[in-house]
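Working notes for the structure below.
Protein chains: 2
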Amino acid sequence: MGQTFYLGADIGGTTVKLAVLQEDGTIVEKWEIPTNTEEQGKSIPSDIAKAIDDKLGHLQIEKNNLAGIGAGAPGFVDTKTGYIHEAVNIGWKDFAFGERLSELTGLPVWVDNDANLAALGENWLGAGEGCSELIAVTLGTGVGGGIIANGNVLNGANGTAAELGHVTVVPDGGAPCNCGKTGCLETEASATGIVRKAKEIVAKYPESSLHKTMATGQLTAKDVFEAVEAGDTPAEQVLKDVSDVLGMAIANMAIAINPEKIVIGGGVSQAGRLLLDPLEVAYRKYALRRTAEASSFDLAELGNDAGVIGGCYLVKKNR
Amino acid sequence: MGQTFYLGADIGGTTVKLAVLQEDGTIVEKWEIPTNTEEQGKSIPSDIAKAIDDKLGHLQIEKNNLAGIGAGAPGFVDTKTGYIHEAVNIGWKDFAFGERLSELTGLPVWVDNDANLAALGENWLGAGEGCSELIAVTLGTGVGGGIIANGNVLNGANGTAAELGHVTVVPDGGAPCNCGKTGCLETEASATGIVRKAKEIVAKYPESSLHKTMATGQLTAKDVFEAVEAGDTPAEQVLKDVSDVLGMAIANMAIAINPEKIVIGGGVSQAGRLLLDPLEVAYRKYALRRTAEASSFDLAELGNDAGVIGGCYLVKKNR
Chain B
1 MGQTFYLGAD
11 IGGTTVKLAV
21 LQEDGTIVEK
31 WEIPTNTEEQ
41 GKSIPSDIAK
51 AIDDKLGHLQ
61 IEKNNLAGIG
71 AGAPGFVDTK
81 TGYIHEAVNI
91 GWKDFAFGER
101 LSELTGLPVW
111 VDNDANLAAL
121 GENWLGAGEG
131 CSELIAVTLG
141 TGVGGGIIAN
151 GNVLNGANGT
161 AAELGHVTVV
171 PDGGAPCNCG
181 KTGCLETEAS
191 ATGIVRKAKE
201 IVAKYPESSL
211 HKTMATGQLT
221 AKDVFEAVEA
231 GDTPAEQVLK
241 DVSDVLGMAI
251 ANMAIAINPE
261 KIVIGGGVSQ
271 AGRLLLDPLE
281 VAYRKYALRR
291 TAEASSFDLA
301 ELGNDAGVIG
311 GCYLVKKNR
Chain L
1001 MGQTFYLGAD
1011 IGGTTVKLAV
1021 LQEDGTIVEK
1031 WEIPTNTEEQ
1041 GKSIPSDIAK
1051 AIDDKLGHLQ
1061 IEKNNLAGIG
1071 AGAPGFVDTK
1081 TGYIHEAVNI
1091 GWKDFAFGER
1101 LSELTGLPVW
1111 VDNDANLAAL
1121 GENWLGAGEG
1131 CSELIAVTLG
1141 TGVGGGIIAN
1151 GNVLNGANGT
1161 AAELGHVTVV
1171 PDGGAPCNCG
1181 KTGCLETEAS
1191 ATGIVRKAKE
1201 IVAKYPESSL
1211 HKTMATGQLT
1221 AKDVFEAVEA
1231 GDTPAEQVLK
1241 DVSDVLGMAI
1251 ANMAIAINPE
1261 KIVIGGGVSQ
1271 AGRLLLDPLE
1281 VAYRKYALRR
1291 TAEASSFDLA
1301 ELGNDAGVIG
1311 GCYLVKKNR
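Protein chains in written order, with the numbering used here: chain B, 1 to 319; chain L, 1001 to 1319.
This is the structure in C-alpha cells:
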C-alpha cells in the first residue's frame, strides 16, 4: 500500500493552485496551472486531472495512494455533491464539477467554497490550529469569510454561509456592492473599500500626503497604511473608520459563533499589527464581554497555501 | 425494560417547568414547581430530583426507563459538563448544576442555555422541524437566540453563541443595554425596546391613540401592535423601525448561518403576521438574494413547552 497522500486544488480566476500533502500536513509538492476560463471553464476538470497524472508520475506516487481530492472554488457550492451553482470568475454555472473531476481521476472528490477551504487550512495547520470555533476573514479585493463551529465548516442551506463580506454595516445610504445590495462590509473594509473611503476622506484634507500618491499613480490600500505609518492624520481617520466597522461586523458574527480565534488573512492583512491593533479595540467595544474574553485575533499564517492545505484537510476529514 | 422516556426541565426565575416525554415526542405529563432562588438557588437540584421521583411514582414509570434529563437555564452554560458559569435570575454562579442533579437522581444529565433548548425543541417537533440550519429568535422582555447549524446547536467557546439580543444594531448613540454595551438589538426589538421606542416616537405626535393608553396605565408592546391594527400612524412607524432593525440583524446572522428556517417566538411574536410581514420585507432587503431564497420565516409553535421539549431532545440526541 505505502504512504497515504492528499491532493488539494484551489481554483481561482487566473490560476489553479495544486498541492500534494502527506497525512501529517507536510507539503510534498505544490504547483500551479493556468485557469482556462474559455467556454465557461469546461476544460478545467480535465486540465486538473492531467496535471495530477503528470505530477504523480514525476513524484513516483501511485494514484491509489492518493486518498482523494479536496477542491475549492470562489462561488456557491453544494458540498454534498460538489455541484457548483455559480462561480462567476471562472465561468461556471450549474456545473457538476465534483462529479466530473471524480470521473476523470477515478478519485473521491470533495468541493467547498474557497474561503471555507482557507478557513479549514488555517484550522488544520495555521493560525486557528485545532479550534472548534473559528472565524476566518479574508480581506482582499473583496471580503470573504469562513466559519468553523462545533469543529466543522458551516456551509448552510444552499452554500452561502459565512459570506461575511455581505453583512450590512451601513443600513442607509451605503455604497453599492457587487452583490446588488448597498452598505455591505465589502464596500467598507476590502482593499477596494479602503481606497474608496480614503478618496472620500482625503478630499476634505488638502494637506494629506495621499494627494501626492494619487497624482502619481493609482491609490492602493497599501498606500493608505503607509501614510498611517508616516503619521498622515486623514489616513489615520480612514484606518479608524475601517477598523471600527470591521470590528463591529466581526463582533456581531462572534456573538453568533462565540469563536476561540479570529484569523485575519488576505492582502490587506499584510498591514499586520497596524490593522490588528485598532481592529481588536473596535471588536472589544462591540462584543459581549464574555464573548470577547473567549477570543483572540491572529494573522493568517498560510498565505496563498491556505486553500490547497484546506482542500487536503477536507479529504482527511471526510474520507 | 419497557418503554423509554425523556425528562425535560426548563429552569426559569419563578418556576421550573418539567415534562416527561415518550421517544416519539408525545408528552406524557408536564408540570411546574416554584424556583427557590434563596441562598443562590442551592436547593433547586434537590427540588427537581424530588419532583421527578414523586411524578415517576405517580405515573408508575420506573426510573431506569428514563434515558436521562435535559435541562435548560437562562445563563452561560458549559454544555460539556453542565456547569453554570452564571445564571443571574436564578442566583447561580459557578455552580456544578449538571453534576449535582446527576448525583441526586442517578440519571445522566445534559444542560444547555434555555434559548438553545427552545431552538432545539422547535427543531424537533415545532416550526423548525428537521432543519439542519435554523435560527430561532425569542422576542420577550429581552431578545434571545438559538442557532442550529450542521444539525447541532451552537454553544461556542464559552457558552455565549447565538446571543442574538446583543448584536449591535445602533453603532453610535444607542440605548444602554443590561449587558453593559449600547445599541444592542435587545434595546430596540424586545418588548421593552418596543415600548421605549414607542414613547420616543409618540411624544412627537400628539394625535397618537397611544397617549390615551399611556395616560390610563403602563404602555405594553401589545398596546403598540393594537394601535397599528387600529391604523395609528405613529405606532406604524414604531413597527416599521423595529422590523427594519430586527430584519437587518437576522439577515446579518443569516449571512453567517444560511438557515433554511427562521423561527420567531416569545411574547412579542403573538403579534403574528402583523410583525412577520414587515419583518420579512426588511430581511429580504438586507439578506443576500441567494441566502433569502433558501430561508422562510415561521412563528414558533411550541410556546412555553419549547424548553422542556428541547431538553428531552437533548437527551435523545446525546444518550
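The beta carbon of each residue, even a glycine, is placed where N, CA and C say it ideally should be.
This structure is a prediction, so every number in the text was calculated from the model and none was measured.
So, for Y286/B: in the same chain, excluding its five sequence neighbours on each side, which residues have a beta-carbon less than 8 Å away from its beta-carbon? G247, M248, A251, N252
Would you call T1384/L buried or exposed, if buried means 16 or more other Cβ atoms sit within 10 Å of its Cβ? An answer regarding residue 1384/L cannot be provided, because it is not within the stretch 1001 to 1319 covered by chain L.
Assess, as a yes-or-no matter, whether the region 297-312 of chain B is touched by the region 12-22 of chain B under the definition of 3 or more beta carbon pairs within less than 8 Å. yes
Rounded C-alpha distance that separates W1110/L from V242/B: 42 Å
I want to see whether chain B comes within less than 8 Å of A1251/L, judged by CB atoms only; does it? yes
Minimum C-alpha distance to S296/B - residue among D305/B, G303/B, E280/B, N304/B: Ranked by Cα distance from S296/B, the first of D305/B, G303/B, E280/B, N304/B is E280/B.
According to DSSP, residues forming a beta bridge with Q22/B: F5/B
Rounded C-beta distance between E86/B and W92/B? I'm assuming under 8 Å. 7 Å
Bounding residues of the beta strand (DSSP E) (the contiguous stretch that carries I262/B): 261-265
Have a look at the DSSP bridge pairing and note the partners of S1190/L. Bridge partners of S1190/L: none, in fact.
What residues are listed by DSSP as bridge partners for A15/B? It is worth fixing the name first, because residue 15/B is Thr in this sequence and not Ala. Answer is P34/B, bridged to T15/B.
Which partner residues of L1134/L appear in the DSSP bridge assignment? Looking at the DSSP output, L1134/L bridges to I1148/L, K1261/L.
Buried or exposed (CB count within 10 angstroms, at least 16 for buried), K55/B: buried
Spatial neighbours of E1186/L within its chain, please: CB distance less than 6 Å, with the 5 preceding and 5 following residues excluded, ordered by chain position. G1142, V1143, G1165, C1177
Looking at the C-beta of N158/B, does it have a partner C-beta in chain L at a distance below 8 Å? yes
Taking 8 Å as the CB-CB limit, is P259/B close to chain L? yes
Alpha-carbon spacing of K42/B relative to G272/B, whole angstroms: 39 Å
Using the beta-carbon count (16 or more within 10 Å), is A282/B buried or exposed? A residue is called buried once 16 or more other Cβ atoms fall within 10 Å of its Cβ, and A282/B is buried on that count.
Is there a Cβ from chain L that is less than 8 Å from the Cβ of E122/B? Chain L places no beta carbon closer than 8 Å to that of E122/B, leaving this residue out of the contacts.
If you scan the region 1021-1107 of chain L from start to end, which runs of the alpha helix (DSSP H) of 4 or more residues do you find wholly inside it? The qualifying runs are 1038-1041, 1044-1059, 1097-1105.
Give a yes or no on whether 8 Å exceeds the smallest Cβ distance from I1255/L to chain B. yes
Counting only Cβ-Cβ distances shorter than 9 Å, please list the residues of the region 52-69 of chain B near chain L, keeping chain order. none
Anything in chain L within Cβ reach of F76/B, meaning under 7 Å, just list it in chain order. Residues of chain L passing the Cβ test: R1290.
Who are the near neighbours of P1045/L in its chain, counting only those whose CB is closer than 6 Å to its CB and skipping five residues on each side? R1100, L1101, L1104
Ends of the alpha helix (DSSP H) at N113/B? Per DSSP, N113/B belongs to no alpha helix (DSSP H); it is in the beta strand (DSSP E), 109-113.
Listing by chain order, which chain B residues have their CB less than 9 Å from the CB of G1180/L? Neighbours of G1180/L on chain B, chain order: L288, R289.
When the Cα atoms are used, what is the spatial distance from A1215/L to A1203/L? 13 Å
In chain order, what residues of the region 136-153 of chain B put their CB closer than 7 Å to some CB of chain L? Contacts with chain L (Cβ-Cβ distance below 7 Å) from the region 136-153 of chain B involve I147, A149, N150, N152, listed in chain order.
How would you list, in chain order, the residues of chain L whose beta-carbon sits under 9 Å from the beta-carbon of E163/B? Within chain L, the residues near E163/B are I1255, A1256, N1258, L1288, R1290, T1291.
Output needed for K1030/L: all residues of its chain with C-beta closer than 6 Å, excluding positions within five of it in sequence on either side, in chain order. A1019
If you drop the 5 nearest sequence neighbours on each side, which residues of the same chain put their C-beta closer than 6 Å to that of S209/B? A227, D232
Quick check: what's the CA-CA separation for N1304/L versus N1116/L? Note on geometry: alpha-carbon atoms of N1304/L and N1116/L lie some 14 Å from one another.
What is the DSSP secondary structure of T213/B, reduced to helix, strand or coil? helix
When the distance is taken between beta carbons, is A256/B closer than 8 Å to I1148/L? no
A1096/L versus L302/B: straight-line alpha-carbon distance, rounded: 41 Å
For Y1083/L, the nearest candidate out of N1113/L, N1089/L, L1107/L (CA to CA): N1113/L
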